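For the sequence shown, counting from 1, position 495 maps to 495 in full-length UniProt numbering; every step adds exactly one.
Just so it is clear, CB atoms sit at the ideal spot from N, CA and C, and this is done for glycine as well.
Just so we're clear, the structure is a prediction, and the values are computed from it rather than from any experiment.
Working notes for the structure below.
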Amino acid sequence: MSAGPATSLDDFKKSARRLRKAFLKGEAGASDRVSAHVDPAKPLRHADFLHVIAREAGHDSWPKLKFTLEAASLSREERAERLKQALYFGQHWVTEKLLADDPTLKDDNFGLQVALYDLDAVRGVVAADAAAATRLVGVRSPILHLAFSREIHRRPERAADMIAIAELLVASEADVNDGYPERPGDKHMLSALYGALCHADNFELGRWLLEQGASPNDNESLYHATELEHPRALELLLKHGAQPDGTNALPRALDFDDEIKVRLLLEAGADPNITVPDHPSGQPMNTIPSLHQAARRGCSVKIVELLLAHGADPDTVWDGHTGYAMALIYGNLPVAKYLVEKGYAHKLDRNEQVLASCAEGKANPGSLDIARLSKEDKSLLTRLAFIPGKLEHMKALIAAGLDPNEPDDMGLPPLQVAGWNGLADEMAYFLSLGPDLTHKNRFGGDALDTVVHGSEFAPKRREADHIACARLLLEAGSLLDPRYISGCGNEEMAQFLEDWLAGSADEAGSPAIFR
């Protein structure tokens, strides 16, 4: 029976709890309400009842209902800021809701008009004040608001307006090589080209910028182009003269065992033996010869053949290891076998033998001489924790003496690496070892924050289950900061976290009726 219309978030939550109790009692009205929006035959969670309440209130989901109520309490300035963030991160449902509630919000500043491809508004502003085309709006100039906007994926039909805005801005002195510091005081700039081609995956705008003279050698674009699901951006950059050496693009392409991108870079002159210094931003780069990278990233023999054909040196020693030793240490047995067949095997030292035995799954691999391990070897777990299927390998390494909490260069311990990538079995194992859940990495996130961000931004893998990882952390005692929810653009993750807050830990996460 209805208790009257809900008007606040607490009211809606109470309505969900009442519905749940009525459903458990078998009340016909409750069953009808639930079956209208979810499958009542499945094991129901608290989130399902929240979903029913949201649908009855005219919203697509609980996160959208919650956002509607929260947005109503924001000042206009705060809503404009939230719209800017949604455009930057591609949180299209947030963009749509804010604009549906107030279509005039787009006119709160010139950056929003540009990022939303409002050609008429942009023309009007520039006609009245030509300097607006280059004046900062926040930390970014208008052309950067355009480049870093992901609106093209919500409104692809506005591509022509987007290009027309770019032309108008450049005609009014905007610089196609403009950039902004990721953090205040940084000397390294994130370029408009990187924003368009890589951050926003906006091929048309990226191509236009290059055609207008944007430099392809901006210390960002070539590297990040290897991370995209297609090779078009990489091909485009190389066509416009991007220089692979010094960017670490080749090792990054090897991360994905991507033969097409690796071949493109090698044919463009990438040196397979070169190593590069840290990135100009200060972030440590994965500086490593390509053969070693292919060995440790599980690349195919075909990739290794390609590298050797382009001059990769099989005798190079990096961090104390040859490429052959690296293949054995990381369990890339097909590549190790191939190198043996080609005459490129090398004798292993004692630690290498133990590391290789761990990778092979031998019952008694022996103990490592930790004092003789390099920093890279000590953090080997972080190099494996993002790869599905490496759990037994990692267990063997820990049994041999590796520290399960040893972080990588950015301060992420293996637990956080597994969580970022959504690998629940690996996370469960590291949790069993009693890690510090509050440890902050160099990005400022703890374990739960890292998982939440990973649900939105980590490479998409079929094995990934970020919600399962978040549940494991919450069950283990991680504290849920409400800001993790408000900043989350992944609707399913936001719904799960809301579910956790709305109900008890047992309701949200244990194998009971509401699981």
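### Boundaries of the alpha helix (DSSP H) in which Met326 is found, first to last residue
323 to 329
### Message
What would DSSP say about Gly282, mapped onto helix, strand or coil?
### Response
Below a pLDDT of 50, predicted positions are generally treated as unreliable, and Gly282, at 49, falls in that range; the measurement from the model is reported next regardless. It is coil, neither helix nor strand.
### Query
Comparing alpha-carbon positions, which option in Leu474, Ala86, Arg461 lies nearest Leu437?
Leu474
#### Entry: Length at least 3, wholly inside the region 169 to 213: the beta strand (DSSP E) runs in chain order
179 to 181, 189 to 191
### Message
Check whether the region 49 to 61 and the region 18 to 38 touch, using three or more Cβ-Cβ pairs below 8 Å as the test.
### Response
yes
### Message
Taking 8 Å as the cut-off, does the region 466 to 485 touch the region 30 to 46 (at least 3 CB pairs, one atom from each stretch)?
### Response
no
### Coarse secondary structure for Val139, derived from DSSP in three states
coil
### Query
Nearest-angstrom Cα distance between Tyr429 and Leu254?
28 Å
### Task
Answer with buried or exposed for Val451, where buried requires no fewer than 16 other C-beta atoms within 10 angstroms of its C-beta.
buried
### C-alpha gap between residue 516 and Asn273, whole angstroms
For residue 516 there is no data in the structure shown, the boundaries of the chain being 1 and 515.
### Residue of Ala127, Ala130, Val122 minimising C-alpha distance to residue 518
The shown model of the chain, from 1 to 515, leaves out residue 518, and the question about it has no answer.
### Limits of the alpha helix (DSSP H) - the one that Tyr117 falls within
Looking at the DSSP string, Tyr117 is not in any alpha helix (DSSP H), and its letter there is neither H nor E.
### Query
Around the C-beta of Asn202, are 16 or more other C-beta atoms found within 10 angstroms, so that it is buried, or is it exposed?
buried
### Message
Measuring alpha carbon to alpha carbon, tell me which residue in Ser191, Met189, Leu190, Gly206 is nearest Leu197.
### Response
Gly206
### Message
For Thr104 and Lys84, what's the separation of their Cα atoms in angstroms?
### Response
14 Å
### Query
Can you tell me the Cα-Cα spacing of Asp11 and Pro181, whole angstroms?
44 Å
### Residues near Met189 by beta carbon distance below 7 Å, same chain, minus five either side
Gly179, Tyr180, Pro181
### Query
Buried or exposed: which applies to Lys64, given that a residue is buried once 16 or more other Cβ atoms fall within 10 Å of its Cβ?
buried
### Query
Thinking C-alpha only, which one of Leu210, Ser31, Phe386, Met162 is nearest Lys460?
Phe386
### Query
Would you call Gly298 buried or exposed, if buried means 16 or more other Cβ atoms sit within 10 Å of its Cβ?
buried
### Message
For the pair the region 125 to 134 and the region 155 to 164, tell me if three or more CB-CB distances fall below 8 Å.
### Response
no
### Query
Can you list the alpha helix (DSSP H) stretches of 4 or more residues lying completely in the region 81 to 107, in chain order?
92 to 101
### Message
To the nearest angstrom, how far is the alpha carbon of Trp208 from that of Phe457?
### Response
26 Å
#### Entry: From Tyr484, Thr95, Leu144, residue whose alpha carbon lies closest to that of Arg154
Thr95
#### Entry: Delimiting residues of the alpha helix (DSSP H) encompassing Ser12
For the sequence presented, residue 12 should be read as Phe rather than Ser. Phe12 -> alpha helix (DSSP H) spans 9 to 24.
### Query
Between the C-alpha atoms of Lys362 and Asn421, what's the straight-line distance to the nearest angstrom?
27 Å
### Query
How would you write the range of the alpha helix (DSSP H) that Ile467 sits in, first residue to last?
466 to 476
### Task
Determine the burial state of Lys375: buried for a count of at least 16 other Cβ atoms within 10 Å of its Cβ, exposed for fewer.
exposed
### Task
Mark His230 as exposed unless 16 or more other C-beta atoms lie within 10 angstroms of its C-beta, in which case mark it buried.
exposed
### Task
Can you check the region 26 to 73 for any alpha helix (DSSP H) of at least 4 residues that lies completely inside it and give the ranges in chain order?
28 to 35, 46 to 56, 62 to 72
### Task
Please list, in chain order, all residues of the same chain as Leu291 whose beta carbon is under 6 Å from its beta carbon, the five residues on each side excluded.
Leu307, Ala312, Gly323
### Task
Return yes when the Cβ of Tyr330 is within less than 8 Å of the Cβ of Ala359, no when it is not.
yes
### Message
To the nearest angstrom, how far is the alpha carbon of Arg252 from that of Ala166?
### Response
30 Å
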